[in-house]
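Each remark here refers to the structure printed beneath this line.
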Amino acid sequence: MLEHVAQLNAEYARAIDDDRLEDWPGFFTEPCLYTITSAENHRLKLPAGIIYADSQGMLKDRVAALREANIYERQAYRHLVGLPARMGESGGELRAETPFLVVRIMRDGRMDLFATGRYLDVIVQEGVALRFRERVVVCDSARIDTLLAIPL
Amino acid sequence: MTTAEPHREWPGSTLTRVPYWVYQDDANYRAELRRIFEGPVWNYVCLEVDLPRAGDYRTTFVGEMPVVVVRGAEGQIHAWENRCAHRGALIALDDGGNAGKRFQCVYHAWSYDLEGSLTSVAFEKGAQGRGGMPASFCKAEHGPRKLRTATLGGLVFASLSPEAPPLEDYLGEAVRARLLRVLGKPVEVLGRFVQALPNNWKLYVENVKDTYHASLLHTFFSTFRITRLTQGGGVLVSPDGAHHASATIDRSDDRDSSAYRDQDIRSEKDRFRLHDPSLLDTVKEFGDDIQLQILTVFPSLVVQQVYNALAVRQVIPKGPDAMELHWTYLGFTDDTPEMRRRRLRQANLVGPAGYVSMEDGCVGGFVQRGVATASDTLSVINMGGEGAESQDTRATESAVRGFWKAYRGYMDY
């Protein structure tokens, strides 16, 4: 099973890093929860996220806004995603925690370590596919350089 | 660090022209820290709710000065420079916590009470009859600088200067009322984030006061046909120019106006609809039709109401060409679960990834980089005239001119 989760994570990272953001909502169930927070907020159980989406529509709107409305300098990510740790399983739901590291590459070639953290996931099987019912992105730091456009 | 006095001359008296060196010059920046942040202003430092019990503290900055804000034994709030009187080390090292009855510097264990007064010096009388401080050493003569504190609407402000007027007078009645319009009951912190911006602090403050840019740079609302500059609203500027509150009034009757189309601007190029329009399901919770209110308190506080997404933003300068924006997302303690979820969803509009704020994270850097070799060139701030008065339109830069009016007063330009 963990091998399948690792494969899901790899496909998720490739979709973002290859700029196939339109594929990104498809990794989630409907409804779902996708949020980006910090380790400190998570520890204190503060619920607000830098991004907070609890429907497929909100994920699609995020992509549409990035494509059509929001202004930011051309940039790309390279995700390095670690091995998932199995955190429990019940009622067809698998809980997993996976560390990640994201390098942001700006249009002028500047590369920065943009974010590190862990994905706290609730994963379910839908047909032949695994999907995220929840993906809580817990960044180790609460400090974001300039802006966060592309999802983590 | 230099303590040189600013050596530049301000070019002319108009509020409509500002030289680009003001975002670059190191001596000018150092003078700002002394004359503005450490001068006769009120700096936002934390929330009252951050300090519920005696001994609770938070660390923050007034300009670049590290500051401790702490609840005293009698419930009063103290603020003092986070600097040991002995060798200058930071006294409090964490973002916050509870100090009990005293703070102790880790370096040589000098201790301070909650008011920031030096109360004990380790080995003051020496050890085994040797060493120790001279008999003439008087603890009362040594200590970190103390700041005055004042509270309004659950916000804690601090001032290093005895000359700052009372907070109510500093804000003026109109801005005070608009602040209390939003912060009229007990708040609850929903989350905190820090955004590191690659620009001078003033570029961000100007951006917040610039009602002209909002729907031009931030095309989310217009792309998804939600709001536009032709909607009702306006900008309130305090008489001294220092503070402002802008408002967008909910009027849905002009969405198909041709005002934007005729400007041939990006905002109008395409039309989209939200897949999940419930993002903008909004409750009028303040008894009026103001959908968005952005309020600034000079020099470093922004209070934001974007629909039901509430936040305070603290501007912390980090050198002439860098700053941090400390976001605290807020709800009220009496929020229903539905209201709480609404605030969390609408928080997508703001913050480092906000649909209508992400651009503010980069546009200051665009200016900082753009003016790299244009120090003596002047920017043009003429939209809506030449003054800094309140206006009933947002197609104006009146509040930006107000900022410069106040700035030049504090800086003696």
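Protein chains in written order, with my numbering: chain A, 1 to 152; chain B, 1001 to 1413. Even for Gly, the Cβ is constructed at its ideal location relative to N, Cα and C. Computed from a predicted model, the values in this text were never measured in an experiment.
Which one of the options has the shortest CA to CA distance from residue i?
i                             : options                                    : result
alanine 96 of chain A         : A:His79, A:Arg133, A:Arg104, A:Ala149      : A:Arg133
serine 1222 of chain B        : B:Leu1180, B:Asn1207, B:Phe1272, B:Leu1197 : B:Phe1272
alanine 53 of chain A         : A:Asn70, A:Glu40, A:Pro25                  : A:Pro25
methionine 58 of chain A      : B:Leu1147, B:Asp1412, B:His1275, B:Asp1288 : B:His1275
glycine 1234 of chain B       : B:Trp1110, B:Ala1214, B:Glu1188            : B:Ala1214
tyrosine 1112 of chain B      : B:Gly1131, B:Gln1128, B:Ala1092            : B:Ala1092
phenylalanine 1220 of chain B : A:Met106, A:Arg104, A:Tyr72                : A:Tyr72
glycine 1384 of chain B       : B:Asp1392, B:Ile1226, B:Gly1100            : B:Asp1392
proline 1066 of chain B       : B:Tyr1107, B:Thr1119, B:Val1121, B:Ala1158 : B:Ala1158
leucine 1147 of chain B       : B:Leu1179, B:Gly1100, B:Pro1320, B:Val1062 : B:Val1062
alanine 122 of chain A        : A:Asp140, A:Ser38, A:Ser90, A:Leu113       : Sequence check: residue 122 of chain A is valine here, not alanine. The shortest C-alpha separation from valine 122 of chain A is found at A:Ser90.
valine 1070 of chain B        : B:Cys1084, B:Ala1140, B:Ala1085, B:Leu1051 : B:Leu1051
alanine 1395 of chain B       : B:Phe1103, B:Ile1381, B:Lys1405, B:Cys1046 : B:Ile1381
aspartate 1169 of chain B     : B:Val1182, B:Val1297, B:Gly1012            : B:Val1297
glycine 1319 of chain B       : B:Ser1013, B:Leu1033, B:Cys1138, B:Pro1040 : B:Leu1033
tyrosine 1023 of chain B      : B:Glu1397, B:Leu1183, B:Trp1404            : B:Trp1404
leucine 152 of chain A        : A:Glu22, A:Val102, A:Gly88, A:Ala129       : A:Val102
arginine 86 of chain A        : A:Asn70, A:Tyr119, A:Thr29                 : A:Tyr119
glycine 1097 of chain B       : B:Gly1055, B:Trp1021, B:Leu1114            : B:Gly1055
alanine 6 of chain A          : A:Cys139, A:Ala129, A:Glu22                : A:Ala129
histidine 1244 of chain B     : B:Asn1082, B:Ser1390, B:Gly1088            : B:Ser1390
tyrosine 1029 of chain B      : B:Pro1134, B:Ser1117, B:Asn1043, B:Arg1008 : B:Arg1008
alanine 69 of chain A         : B:Val1049, B:Pro1277, B:Leu1217            : B:Leu1217
Taking C-beta pairs closer than 7 Å, name the residues in chain A that residue i reaches, listed in chain order.
i                             : result
threonine 1223 of chain B     : Glu68, Ala69
phenylalanine 1220 of chain B : Ala65, Ala69, Asn70
phenylalanine 1272 of chain B : Ala64, Glu68
Kindly indicate the opening and closing residues of the beta strand (DSSP E) around residue i.
i                            : result
aspartate 1056 of chain B    : 1056 to 1062
threonine 1223 of chain B    : Here threonine 1223 of chain B belongs to no beta strand (DSSP E); instead the alpha helix (DSSP H) covers 1220 to 1223.
methionine 1323 of chain B   : 1323 to 1332
methionine 87 of chain A     : 85 to 90
serine 1246 of chain B       : 1244 to 1249
phenylalanine 132 of chain A : 129 to 139
aspartate 1025 of chain B    : Per DSSP, aspartate 1025 of chain B belongs to no beta strand (DSSP E) and is neither H nor E.
serine 1379 of chain B       : 1378 to 1380
tyrosine 153 of chain A      : Residue numbering for chain A in the displayed model covers 1 to 152; residue 153 of chain A lies beyond these limits and cannot be assessed.
isoleucine 166 of chain A    : The structure shown does not extend to residue 166 of chain A, since chain A is modelled only from 1 to 152, so the question has no answer here.
tyrosine 72 of chain A       : Unbroken run through tyrosine 72 of chain A: none, as it is neither H nor E.
alanine 1309 of chain B      : 1309 to 1317
Closer than 8 Å by beta-carbon distance: list the chain B residues that pair up with residue i, in chain order.
i                     : result
alanine 39 of chain A : Those within 8 Å of alanine 39 of chain A in chain B number zero; the least Cβ separation is about 12 Å.
glycine 49 of chain A : Gly1191, Leu1344, Ala1347
Interface residues of chain B around residue i at Cβ under 7 Å?
i                        : result
methionine 58 of chain A : Asp1276, Leu1279
serine 55 of chain A     : Asp1276
tyrosine 34 of chain A   : None at all; the shortest Cβ gap to chain B is about 11 Å.
tyrosine 52 of chain A   : Leu1344, Arg1345, Ala1347, Asn1348
Using a Cβ cut-off of 9 Å, pull out every chain A residue sitting near residue i, in sequence order please.
i                       : result
alanine 1446 of chain B : With chain B covering only 1001 through 1413, there is no way to say anything about residue 1446 of chain B.
How is the alpha helix (DSSP H) around residue i delimited, first residue to last?
i                         : result
leucine 1295 of chain B   : Run containing leucine 1295 of chain B: none in the alpha helix (DSSP H); it sits in the beta strand (DSSP E), 1290 to 1297.
isoleucine 16 of chain A  : 2 to 17
aspartate 61 of chain A   : 56 to 68
glutamine 1346 of chain B : 1337 to 1346
methionine 106 of chain A : From DSSP, methionine 106 of chain A is part of no alpha helix (DSSP H) but of the beta strand (DSSP E) over 93 to 106.
aspartate 121 of chain A  : Element bounds for aspartate 121 of chain A: not the alpha helix (DSSP H) but the beta strand (DSSP E), 111 to 126.
serine 38 of chain A      : Careful: serine 38 of chain A lies outside any alpha helix (DSSP H), inside the beta strand (DSSP E) at 28 to 38.
lysine 1435 of chain B    : Since the first residue of chain B shown is 1001 and the last is 1413, residue 1435 of chain B is not available in this structure.
valine 1041 of chain B    : That residue, valine 1041 of chain B, is in no alpha helix (DSSP H); it is neither H nor E in DSSP.
arginine 1369 of chain B  : 1358 to 1370
Since residue i meets chain A, which of its residues come closer than 8 Å, beta carbon to beta carbon?
i                       : result
leucine 1217 of chain B : Ile71
List, in order along the chain, the chain B residues whose C-beta lies closer than 9 Å to that of residue i?
i                     : result
leucine 46 of chain A : Val1189, Leu1190, Gly1191, Arg1192, Tyr1329
In chain order, what residues of the region 1350 to 1376 of chain B put their CB closer than 7 Å to some CB of chain A?
Gly1351, Pro1352, Ala1353, Tyr1355, Met1358, Glu1359, Gly1361, Cys1362, Gly1365
Just by C-beta distance, which residues in the region 1324 to 1346 of chain B are closer than 7 Å to chain A?
Here the close residues are Tyr1329, Leu1344, Arg1345.
Could you please tell me which residues of the region 1229 to 1249 of chain B, in chain order, have their CB closer than 9 Å to any CB of chain A?
Those residues of the region 1229 to 1249 of chain B that come within reach of chain A (Cβ to Cβ, closer than 9 Å) do not exist; the list is empty.
In chain order, what are the residue ranges of uninterrupted alpha helix (DSSP H) at least 4 long that sit wholly in the region 1168 to 1214 of chain B?
Counting only runs of 4 or more, we get 1173 to 1182, 1201 to 1209.
Members of the region 1 to 29 of chain A that neighbour chain B once the beta carbon cut-off is set at 8 Å
Residues passing the 8 Å Cβ filter: none.
Members of the region 103 to 129 of chain A that neighbour chain B once the beta carbon cut-off is set at 7 Å
For chain B, none of the residues of the region 103 to 129 of chain A brings a beta carbon within less than 7 Å of one of its beta carbons.
Listed from N- to C-terminal order along the chain, which residues in the region 1195 to 1214 of chain B have their beta-carbon within a distance smaller than 9 Å of any beta-carbon of chain A?
Gln1195, Ala1196, Leu1197, Pro1198
Using a beta-carbon distance cut-off of less than 9 Å, what residues from the region 134 to 151 of chain A approach chain B?
Ser141, Ala142, Arg143, Ile144, Asp145, Thr146, Leu147, Leu148, Ala149, Pro151
Curious, which full-length beta strand (DSSP E) runs of at least 3 residues does the region 1045 to 1103 of chain B contain?
1056 to 1062, 1065 to 1071, 1077 to 1081, 1096 to 1098
Please list the segments of the beta strand (DSSP E) lying wholly inside the region 1105 to 1180 of chain B, counting only runs of 3 or more residues, in order along the chain.
1111 to 1113, 1118 to 1120, 1146 to 1152, 1155 to 1159
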